[in-house]
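Here our numbering is used: position 44 in the sequence shown is 52, and no number is missing along the way. From the three backbone atoms N, C-alpha and C, an ideal C-beta is built for every residue, glycine too. Written out below as structure tokens is the structure these notes cover.
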Amino acid sequence: MSMTRVIKRSFSGMSKGIKHLVSISDLTTPEFTSLVSRAAHHKSIFKSGLPVSPDISDALKGKLVAMLFSKRSTRTRISTEGAAVYFGGHPMFLGKDDIQLGVNESFYDTTRIVSSMTSCIFARVNSHSEIQQLCEHSSVPIINSLCDTYHPLQAICDILTIKEAFGETKGLKLAWVGDANNVINDLAVAALRSGINVSVAVPRGIEMNPTIVDVAKTVAQETGASFEVTNDPKHACTDANVIVTDTSVSMGEEAQKQKKLQQFSGFQVNSELTKLAAPNWKFMHCLPRHQEEVTDEVFYSDNSIVFEEGENRLYAAMAAIEAFVIRKELA
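Given below as structure tokens:
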């Protein structure tokens, strides 16, 4: 029996009729828009300070929510566990040193057992193939909380943050300055689905995933937004309303640190780049950040919305649980 398989559309068509959140590319524009809208809705409830109605607080009462994390985390762990508690569930953190996975038990066996006892699995793993295996063999919804190819919860959070900062998203320009990684793979598609023009600046020798580029171009045609990939961060940032970057050395790439830092010379977000942006520019970063990625001057400026962005991870997780675990549909 094969342990992996290519999943063409991860949101639908899964075995046993189970729907999983794997990437933004798998969602239609109305489906993605609904997730962002519900994230905003739950934020308003959470921030109101008023008692949460039982239809929310008891939705997962008596149920376990598994947090299968192969990688350490701050925002993802707090937000996913917090979202589970918000709906009355009991989050169970399963770190790489807590269970037998990878020691003397296979991914298949672990998935079958964990999913048999829980209502869903938030999975923060290494490779996309691990997400595929989880989706293939799980009896409950899988919510991708990061793999090396996609990061859908971050994209939901980011579009919510942009909507809060600007109101209307259509016609904005988003500049990405950095690596062609999992964050931009989902953020590019999410932004385009929101009518935001996207300019991705990556160093020479680094290419975006061709599949993502194809999806981005298709979505851009559907929504009327524009999409481009360049090697010039100044070009990308010119007239940008939102400038986004991320770590240039992701977890698991520490051995390549010096080589990657050389590749990313000239890609630090600083005042030289922000001067090219639109007057109302905002800066975003999914965190944690390093000095070589963005200067303190930009990171801690009044234009920076990184901490609002970080908080919104909680509401993105709430929206995902509601859609994929409780309602099992997207309105």
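- In the DSSP assignment, Leu76 falls within the unbroken beta strand (DSSP E) covering 72-77.
- With distances taken between CA atoms, Leu284 lies nearest to Pro241 out of Glu316, Ser312, Pro241.
- Ser87 is the residue among Ser87, Ser279, Ile313, Val221 whose C-alpha sits nearest the C-alpha of Ile151.
- Scanning Ser127, Cys245, Thr157, Gly232 for the CA closest to the CA of Thr37 turns up Gly232.
- Within the same chain, and ignoring the five residues on either side of Leu76 in sequence, the residues whose Cβ sits closer than 6 Å to its Cβ are Leu102, Ile129, Ala131.
- Across the structure, Thr126 and Asp66 are spaced so that their CA atoms are roughly 16 Å apart.
- Taken atom to atom, the span from the alpha-carbon of Asp304 to that of Ala196 is near 25 Å.
- In this model, Ala198 and Lys71 are separated by some 31 Å (Cα to Cα).
- Taken atom to atom, the span from the alpha-carbon of Glu144 to that of Ser312 is near 40 Å.
- Here the C-alpha atom of Glu215 lies approximately 33 Å from the C-alpha atom of Ile26.
- Taking every protein chain shown into account, the CB of Asn112 has fewer than 16 other CB atoms within 10 angstroms, so this residue is exposed.
- Taking 8 Å as the upper bound for CB-CB distance, Lys290 and Val250 are in contact here, some 5 Å apart.
- The alpha-carbon separation between Phe115 and Leu109 amounts to approximately 6 Å.
- Out of Val44, His243, Met100, Val133, the CA that lies nearest to the CA of Arg80 is found in Val133.
- With fewer than 16 other Cβ atoms from the protein chains shown falling within 10 Å of its own Cβ, Gln270 counts as exposed.
- For Val314, the enclosing alpha helix (DSSP H) starts and ends at 314-329.
- Following the DSSP letters along the chain, one finds Met216 in no beta strand (DSSP E), marked with neither H nor E.
- Looking at the DSSP output, Ile251 shares a beta bridge with Ala183, Phe291.
- According to the DSSP assignment, Ser207 belongs to no alpha helix (DSSP H) but to the beta strand (DSSP E) extending over 205-209.
- Listed in chain order, the non-local C-beta contacts of Thr84 below 6 Å within the same chain comprise Arg132, Ser153, local neighbours out to five positions each way being set aside.
- Within the model, the alpha-carbon separation for Leu182 versus Val208 is close to 8 Å.
- In the three-state reduction of the DSSP assignment, Ile86 falls in the helix class, which pools H, G and I.
- Taking Asp156 as the centre and dropping the five residues before and after it, the same chain places the C-beta of Asn134, Ser135, His136, Asn190 closer than 7 Å to its C-beta, in chain order.
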